[in-house]
Amino acid sequence: MPITVNGVELCDDEIEQELPMHQDGDQPLHRAVVTRILRRVLLDEAQRLGMDVSDEELAISRLLQEHAGSPEPDDAACRRFYDANPVRFTVGACVEADHILFQVTPSVNLEALRLQAEDVLARALQEPERFAEFARAYSNCPSAAVGGSLGQLSRGETVPEFERVVFSVPAGTVHPKLVHSRHGLHIVRVARSEPGRLQPYEAVAGDIAQVLGAMARDHAWRQYAKVLVARAQIDGVDLGDDAEADRLMGVAQGL
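Under the UniProt record's numbering, residues 1 to 255 are what the sequence shown spells out, in order.
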């Protein structure tokens with residue numbers, strides 16, 4: 001069944017042109033189709049408003065700027081963001097950490113792995129001086145060869161779910177719970193922790209304004225696209241949650 005947008009069929013050439021942009025994600029064909037639909041909906045709206053659409057990127061940019069604008073953040077909003085996110089504006093924070101990794105693989109028995117990890121954790125809490133010994137015996141990470149040592153870690157160097165925990169563990173202690181990450185189950189010990197230095201508000205106010213402005217624009221664009229998609233006549237495809245315009249950033253890339 002052909003895909004049509006406001007009575008105009010989406011041709012194969014358009015989709016083939018878009019497809020390379022989505023090869024690194026899930027369902028690249030569906031993403032390409034949704035992106036082309038959103039582009040067509042935006043261009044149809046620009047044309048309806050009397051805009052020149054000969055340059056598609058320029059037309060979409062003008063449409064979004066003129067009809068999906070958002071207010072610039074004021075100083076009060078920037079200060080609230082600063083106060084609510086001190087970690088984001090702290091520089092120099094680092095930890096020296098060790099871990100024991102119980103890696104999750106497609107064939108692993110998850111319950112058996114969890115029970116083993118819990119047993120080793122209990123032993124590490126009772127005998128922390130044997131942590132390196134336990135790491136060499138049980139860890140599935142190359143760091144096992146050096147007693148589980150990960151060396152010095154700064155923020156941004158590990159996956160977020162691991163980082164959140166490792167930067168909260170008091171120095172000189174083993175974390176009392178297993179840490180779940182995309183790699184598996186971890187037992188974590190922090191040897192040393194440096195809290196870093198909070199940058200003054202004045203030094204980061206400009207960056208905060210840019211971040212909040214981008215967030216506001218993103219929200220406004222998504223809401224605007226949702227309205228246009230809901231109003232458009234789209235046949236031959238089920239957009240589902242994609243109607244929330246998750247692909248709008250792809251459509252407007254570089255604008």
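Just so it is clear, CB atoms sit at the ideal spot from N, CA and C, and this is done for glycine as well.
Query raised in the report: Ends of the beta strand (DSSP E) at residue 179?
Result: 179 to 181 is the extent of the beta strand (DSSP E) around residue 179.
Query raised in the report: So, using beta-carbon positions, are residue 54 and residue 220 closer together than 8 Å?
Result: Contact annotation: residue 54 and residue 220 have beta-carbon atoms that are not nearer than 8 Å.
Query - Nearest residue (CA-CA) to residue 80, options 229, 237, 204, 217 - result: Answer by Cα proximity: 204.
Query - CA nearest to the CA of residue 103, picked from 144, 210, 224, 226 - result: Nearest option by C-alpha distance: 144.
Report task. Determine, using beta-carbon pairs with one atom in the region 90 to 106 and one in the region 120 to 133, whether at least three such pairs fall under 8 Å. Result -> A contact exists between the region 90 to 106 and the region 120 to 133.
**Report entry** Where the alpha helix (DSSP H) containing residue 62 begins and where it ends
**Finding:** Looking at the DSSP string, the run of the alpha helix (DSSP H) that includes residue 62 is 56 to 67.
**Report entry** Cα-Cα separation between residue 194 and residue 94, rounded to whole angstroms
**Finding:** Roughly 5 Å between the two C-alpha positions.
Query raised in the report: Does DSSP put residue 13 in a helix, a strand or coil?
Result: In the three-state scheme derived from DSSP, where H, G and I count as helix and E and B as strand, residue 13 is classed as helix.
**Report entry** Exposure label - residue 110; buried when at least 16 CB within 10 Å
**Finding:** Residue 110 should be labelled exposed.
Report task. With DSSP as the reference, label residue 173 as helix, strand or coil. Result -> Strand, per DSSP.
Query - Sequence-distant residues of its chain with Cβ nearer than 7 Å to residue 41 (five each side left out) - result: So the qualifying residues of the chain are 5, 228, 229, 232.
Report task. Please classify residue 24: is it buried, with 16 or more other beta-carbons within 10 angstroms of its beta-carbon, or exposed? Result -> Burial call: exposed.
Report task. Rounded to whole angstroms, what's the CA-CA distance from residue 32 to residue 22? Just pull it up for me. Result -> Cα-Cα distance, rounded: 7 Å.
Query - Inter-residue spacing [alpha-carbon to alpha-carbon] between residue 8 and residue 238 - result: The alpha-carbon atoms of residue 8 and residue 238 are separated by roughly 17 Å.
Query - Cβ neighbours of residue 19 in the same chain (closer than 8 Å, five flanking residues each side left out) - result: These residues qualify, in order along the chain: 28, 29, 32.
Query raised in the report: Are residue 136 and residue 147 closer than 8 Å when you measure CB to CB?
Result: Annotated as proximal: residue 136 and residue 147, with beta-carbon spacing under 8 Å.
**Report entry** Three-state secondary structure assigned by DSSP to residue 143
**Finding:** Assigned with DSSP and collapsed to three states, residue 143 falls in helix.
Query raised in the report: Going straight from the alpha carbon of residue 218 to that of residue 178, what length do you get?
Result: Computed Cα separation, rounded: 36 Å.
Query raised in the report: So the alpha helix (DSSP H) residue 167 belongs to, where does it begin and stop?
Result: Bounds of any alpha helix (DSSP H) do not take in residue 167, whose DSSP letter is neither H nor E.
Query - Residue burial classification, residue 189 (beta-carbon count within 10 angstroms, cutoff 16) - result: The residue is buried, with at least 16 neighbouring Cβ atoms inside 10 Å.
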